[in-house]
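Using the numbering used here, read the first sequence as starting at 178 and increasing by one per residue. For glycine and all other residues, C-beta sits at the position ideal for the given N, C-alpha and C.
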Amino acid sequence: MRRPLPRSFYARPTVEVARDLLGKIILHGEASGRIVETEAYLGIDDAAAHTARGITDRTRVIFGPPGHAYVYLIYGMHECLNLVAEPEGVAGCVLIRAIEPVSGIAGATNGPGKLTQALGITRRHNGCDVTRGPIVVSALPKVEPFEIGVSKRIGITKSADLPLRFYVKGNPFVSRK
DNA sequence: GCTATGATCATA
DNA sequence: ATGATCATAGCA
Numbered sequence: 178m179r180r181p182l183p184r185s186f187y188a189r190p191t192v193e194v195a196r197d198l199l200g201k202i203i204l205h206g207e208a209s210g211r212i213v214e215t216e217a218y219l220g221i222d223d224a225a226a227h228t229a230r231g232i233t234d235r236t237r238v239i240f241g242p243p244g245h246a247y248v249y250l251i252y253g254m255h256e257c258l259n260l261v262a263e264p265e266g267v268a269g270c271v272l273i274r275a276i277e278p279v280s281g282i283a284g285a286t287n288g289p290g291k292l293t294q295a296l297g298i299t300r301r302h303n304g305c306d307v308t309r310g311p312i313v314v315s316a317l318p319k320v321e322p323f324e325i326g327v328s329k330r331i332g333i334t335k336s337a338d339l340p341l342r343f344y345v346k347g348n349p350f351v352s353r354k
């Protein structure tokens, strides 16, 4: 039941991965939740992405093999979880913006900084393989159909008008309507 | 070495 | 609308 999504799932265009991640389950230890909101960050032609200026110590993992976690600290206090997409050598990652609690969740999960807190994910998990653990992403055996909404990304100043945010329409746990 | 800035959130 | 708080990046 909790078989991880294969690496081939992530080795695709970032936008496809971002959209298909909706409805998937992310788990860490006892905690788990259903992904209801994501954002795509492209490697090229995307000034908002951390990879816009190439490989650095921080962005190295995003250029690495797909299916790995990219976790970083923002505003000196919040950790954000991303999943690396695209084949190795190509930059692209998906920010997990909100999850719907499934089990073992304490606290709110309707925001990038909040869900990492609730799942117990920190920068120590940067670079870990999401097809192996300790953080795992898997598909649900049975999926209820849902509508996908698209909008501009939230909280960025560059390339702010691109429609790269995806969310489960009507879900109460998305960070915004 | 120094400084500006940021993929956020809670509070007011 | 603002403040908290610090790692990263760009530059001197």
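Bridge partner(s) assigned by DSSP for residue i
i	result
I276	I212
I298	None; I298 has no bridge partner.
G269	L219
L292	Its beta-bridge partners do not exist; DSSP assigns none.
Which listed residue (the options) has its alpha carbon closest to that of residue i
i	options	result
V238	V213, T215, Y252, P264	P264
T191	D234, F240, E207	F240
R235	V194, E193, R300, L296	R300
P322	T293, K346, V307	K346
H245	G284, A283, C270, S328	C270
Q294	R184, C305, I273, G304	I273
Start and end residues, beta strand (DSSP E) containing residue i
i	result
V327	325-328
R196	Per DSSP, R196 belongs to no beta strand (DSSP E); it is in the alpha helix (DSSP H), 191-197.
S315	312-315
Limits of the unbroken alpha helix (DSSP H) element including residue i
i	result
V351	Careful: V351 lies outside any alpha helix (DSSP H) and carries neither H nor E.
I232	It is not in any alpha helix (DSSP H) - I232 carries neither H nor E in the DSSP assignment.
R180	Element bounds for R180: n/a, residue is neither H nor E.
Contacts around residue i, its chain only, beta-carbon distance under 7 angstroms, and the 5 residues preceding and following it disregarded
i	result
N287	A275, F350, V351, S352
A229	D223
Same chain, Cβ closer than 8 angstroms to residue i, neighbours up to 5 away in sequence not counted
i	result
I202	R179, S209, G210, R211, I212, V279, V314, S315, A316, L317
A337	A225, K329, R330
heavy atom of the ligand MG below 7 angstroms from residue i C-beta
i	result
N259	Although the ligand MG was asked about, the structure shown includes no ligands whatsoever.
Assumed close pair residue i, residue j - CB separation to whole angstroms, cut-off 8 angstroms
i	j	result
I364	L199	This structure cannot speak to residue 364, because the chain is shown only from 178 to 354.
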